[in-house]
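Novice: Under my numbering, the letters of the sequence shown match residues 28 to 408, in that order. Every residue gets a Cβ at the ideal spot worked out from N, C-alpha and C, and that includes glycine.
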Amino acid sequence: MPKIKKTKVNSKYVPYAAGFRPPNKDKQLKAIGFDGGVPLEYHESKNDNYEFFKPVPKPTTIDDWLAQYNEEGQTYKQFLQECPWISSRKRKSVKQRFVPEGTNILEKYPDGKIYIVHVGEFDGHHYFYFDELAKFAEIYLGVPVSTLPGVDLDVKSNDRKALWVEHPSEASQLKSNTKRGSSRTKQHTLESRFKGTQYQLGVKDLLKMLHLKIPDDALCLIGLTMSDLFCDDTDLFVAGMAAGNHRVAIFSFYRYNPSLSFSPADWFDVTMDKKQTQENIRKIMFQRSCKLLVHEINHLLGIDHCIFYDCCMNGSGHLSEDFRQPMHLCPVDLHKLQKLVGFDILIRYNKLLKFYEKHDMEEEREWVSKRIKMIGQISKS
């Protein structure tokens with residue numbers, strides 16, 4: 028009797044979520060959105076065997092993004108149909124000059140800015156400068172980004188209470204339709220939970236307070252905090268939350284600190300590796316925070332999760348998966364953002380290169396440097 032050849036099972040991977048099928052090459056090219064040939068700025072050509080746009084990695088644990096979710100993805104043409112900033116749908120909620128003839132968001136909302144504000148202590152951690160985050164977001168997105176004066180939080184562990192502190196006339200400085208500001212400092216109690224010195228803030232209350240701060244010329248307002256966050260009592264934590272209709276979002280960098288380890292069971296169970304240097308913490312946190320910021324602002328601009336390539340706009344099921352994902356946009360999402368904003372791709376890449384060099388972001392510097400070189404080689408040929 029002949030021996031039956033056994034098929035070796037590759038146990039490295041786990042199945043995709045039910046119904047999900049990874050896109051083939053034809054679907055990838057169609058998703059980019061060019062009916063003719065793909066322009067060189069979006070070309071997938073390799074440079075010295077360097078692969079710029081890889082497929083989304085297969086899930087290796089049941090907690091991975093595509094092992095949990097059957098994502099449909101968003102093609103370029105779907106983005107054109109769905110994005111509210113391309114049409115006039117955002118006009119009702121944005122209190123600023125609107126030019127219907129504009130071909131991109133900068134022309135339609137010529138006074139518009141993206142604002143970011145730190146909620147609670149930020150620079151005091153000595154991990155990075157808040158203004159550098161704004162500079163990166165402006166280069167990456169091609170939209171003006173400004174910072175607002177930070178929000179003070181008063182966290183009282185002994186009283187198990189967290190307060191949003193509103194200083195005199197703070198609101199009237201931002202909104203033109205606000206009545207004369209009060210001369211009193213106001214304190215607003217935030218949803219929170221405590222365990223010893225550990226605490227988390229509820230995202231719903233934070234979003235409500237941010238909505239009251241949004242300036243009239245804001246396209247959106249992003250709150251950034253070093254406090255840990257939660258939404259429901261059953262949550263271990265949440266990285267943040269956006270209220271797209273109100274154009275506000277809040278995100279936490281707390282769990283981006285590489286010196287901290289977190290229990291998978293209890294939100295308050297945190298240990299610190301004291302061997303980590305401040306320079307290493309700063310470098311890693313800054314890279315992770317830059318990526319989170321532009322990922323989430325892209326969502327507020329109408330760009331959904333990407334299933335077509337390994338990309339900044341991939342979803343994540345856990346922090347390790349989040350940390351692994353690249354900073355760059357794939358051709359599909361780059362085409363969406365370029366259409367929305369109207370920037371020159373090569374100029375954008377060169378600005379990013381200077382930023383990455385300044386901040387010793389070596390992996391990102393290598394990618395964008397090779398990308399610029401490849402585009403130049405194709406252009407010459």
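Let me make sure I understand the geometry here. Which of 136, 288, 113, 185 has the alpha-carbon closest to that of residue 123?
Specialist: Taking the first residue of the sequence shown as 1, we reach residue 123 at position 96. Considering only alpha carbons, the answer is 136.
Novice: Need the endpoints of the alpha helix (DSSP H) that residue 135 sits in, please.
Specialist: As a position in the sequence shown, residue 135 is number 108, starting the count at 1. Looking at the DSSP string, the run of the alpha helix (DSSP H) that includes residue 135 is 132-135.
Novice: Alpha carbon to alpha carbon, how far is residue 250 from residue 199? Give it in angstroms, no decimals.
Specialist: On the sequence shown, position 172 is the one that residue 199 refers to. On the sequence shown, position 223 is the one that residue 250 refers to. Per-residue confidence for residue 199 stands at a pLDDT of 47, beneath the threshold of 50, marking its modelled position as unreliable; the derived number appears in the next sentence. C-alpha separation (whole angstroms): 19 Å.
Novice: The alpha helix (DSSP H) spanning residue 220 covers which residue range?
Specialist: On the sequence shown, residue 220 is found 193 positions in, with the first residue counted as 1. No alpha helix (DSSP H) holds residue 220; the beta strand (DSSP E) holding it covers 219-222.
Novice: In chain order, which alpha helix (DSSP H) runs of at least 4 residues are fully inside the region 85-162?
Specialist: Here the runs fully enclosed are 92-95, 103-109, 132-135.
Novice: When you compare only the Cα positions, how much space is there between residue 40 and residue 344?
Specialist: Sequence index remark: in the sequence shown, residue 40 carries index 13 (1-based). Sequence index remark: in the sequence shown, residue 344 carries index 317 (1-based). Taking the straight line from one Cα to the other gives about 15 Å.
Novice: Kindly indicate which three-state DSSP category residue 81 falls into: helix, strand or coil?
Specialist: Counting from 1 along the sequence shown, the entry for residue 81 is found at position 54. Residue 81 falls in the coil class under three-state DSSP.
Novice: Can you list, in chain order, the residues of its chain with a C-beta nearer than 8 Å to that of residue 255? Leave out the 5 residues immediately preceding and following it.
Specialist: Residue 255 sits at position 228 when you count from the first residue of the sequence shown. Same-chain partners within the cutoff: 225, 226, 227, 228, 264, 279, 281, 282, 294.
Novice: If you reduce the DSSP assignment to three classes, tell me which class residue 204 lands in.
Specialist: Position 177 of the sequence shown, counting from 1, holds the residue named residue 204. With a pLDDT of only 46 at residue 204, under 50, the local geometry of the prediction cannot be trusted, and no value is derived from it.
Novice: Identify the continuous beta strand (DSSP E) that holds residue 247 and give its terminal residues.
Specialist: The count along the sequence shown starts at 1 and reaches residue 247 at position 220. Run containing residue 247: 245-252, per the beta strand (DSSP E) assignment.
Novice: Which residue or residues does DSSP assign as beta-bridge partners of residue 256?
Specialist: Numbered from its first residue, the sequence shown carries residue 256 at position 229. Residue 256 pairs with 228.
Novice: Could you check which residue in 377, 401, 324, 371 has the C-alpha nearest to that of residue 161?
Specialist: Taking the first residue of the sequence shown as position 1, residue 161 is located at position 134. Looking at the Cα atoms, 324 is the closest of the given residues.
Novice: With DSSP run on the structure shown, which of helix, strand or coil describes residue 288?
Specialist: In the sequence shown, the residue the question calls residue 288 occupies position 261. DSSP places residue 288 in strand when its eight states are reduced to three.
Novice: Any chance the region 108-124 sits against the region 86-96, with 3 or more Cβ pairs inside 8 Å?
Specialist: No, the region 108-124 is not in contact with the region 86-96.
Novice: Could you tell me which of 274, 352, 336 sits nearest to residue 139, measuring between CA atoms?
Specialist: Counted from its first residue, the sequence shown places residue 139 at position 112. Of the listed residues, the one whose Cα sits closest to residue 139 is 274.
Novice: Run the CB neighbour count on residue 149, radius 10 Å, all protein chains shown included, and call it buried at 16 or more, exposed below.
Specialist: Along the sequence shown, one-based indexing puts residue 149 at 122. Buried, by the Cβ-count rule.
Novice: Relative to the C-alpha of residue 82, which residue among 268, 304, 333 is closest?
Specialist: On the sequence shown, position 55 is the one that residue 82 refers to. With distances taken between Cα atoms, residue 82 lies closest to 333.
Novice: How big is the Cα-Cα spacing for residue 288 and residue 317?
Specialist: Stepping through the sequence shown from its first residue, residue 288 is reached at position 261. Stepping through the sequence shown from its first residue, residue 317 is reached at position 290. Roughly 21 Å separates the two Cα atoms.
Novice: The beta strand (DSSP E) that contains residue 278, what's its start and end?
Specialist: Position 251 of the sequence shown, counted from the first residue, corresponds to residue 278. Element bounds for residue 278: 275-279.
Novice: Tell me whether residue 348 is buried or exposed, calling it buried when 16 or more other Cβ atoms sit within 10 Å of its Cβ.
Specialist: Within the sequence shown, numbered from 1, the residue matching residue 348 stands at position 321. When all chains shown are included, residue 348 counts as buried.
Novice: Is it the case that the Cβ atoms of residue 373 and residue 167 are separated by a distance below 9 Å?
Specialist: As a first step, residue 373 must be located in the sequence shown, where it is residue number 346. As a first step, residue 167 must be located in the sequence shown, where it is residue number 140. No. Outside cutoff.
Novice: Would you check if there are 3 or more beta carbon pairs closer than 8 Å linking the region 387-401 to the region 97-111?
Specialist: They do not touch, by the three-pair rule.
Novice: Judging by CA-CA distance, which residue of 340, 402, 358 is the nearest neighbour of residue 350?
Specialist: Here residue 350 refers to the residue found at position 323 of the sequence shown. Checked all of 340, 402, 358; the closest Cα to residue 350 is 340.
Novice: I need the DSSP call for residue 214, collapsed to helix, strand or coil.
Specialist: Taking the first residue of the sequence shown as 1, we reach residue 214 at position 187. Residue 214: strand per DSSP, three-state reduction.
Novice: On a CA-only basis, which of 92, 55, 50, 48 is nearest residue 342? Give me that one, please.
Specialist: The residue given as residue 342 occupies position 315 in the sequence shown. It is 92.
Novice: Output the boundary residues of the beta strand (DSSP E) element that contains residue 306.
Specialist: On the sequence shown, residue 306 is found 279 positions in, with the first residue counted as 1. That residue, residue 306, is in no beta strand (DSSP E); its alpha helix (DSSP H) goes 305-327.
Novice: Kindly indicate the opening and closing residues of the beta strand (DSSP E) around residue 179.
Specialist: Residue 179 sits at position 152 when you count from the first residue of the sequence shown. First-last of the beta strand (DSSP E) with residue 179: 179-183.
Novice: For residue 322, which residues of its own chain have a beta-carbon under 7 Å away from its beta-carbon, when the five flanking residues on both sides are left out?
Specialist: By one-based count along the sequence shown, residue 322 stands at place 295. So the list reads 339, 340, once near-sequence residues are dropped.
Novice: In whole angstroms, what separates the C-alpha of residue 54 from that of residue 329?
Specialist: Counting from one through the sequence shown, the residue named residue 54 turns up at place 27. Counting from one through the sequence shown, the residue named residue 329 turns up at place 302. Roughly 21 Å between the two C-alpha positions.
Novice: Taking 8 Å as the cut-off, does the region 381-392 touch the region 46-53 (at least 3 CB pairs, one atom from each stretch)?
Specialist: Contact fails: fewer than three Cβ-Cβ distances are below 8 Å.
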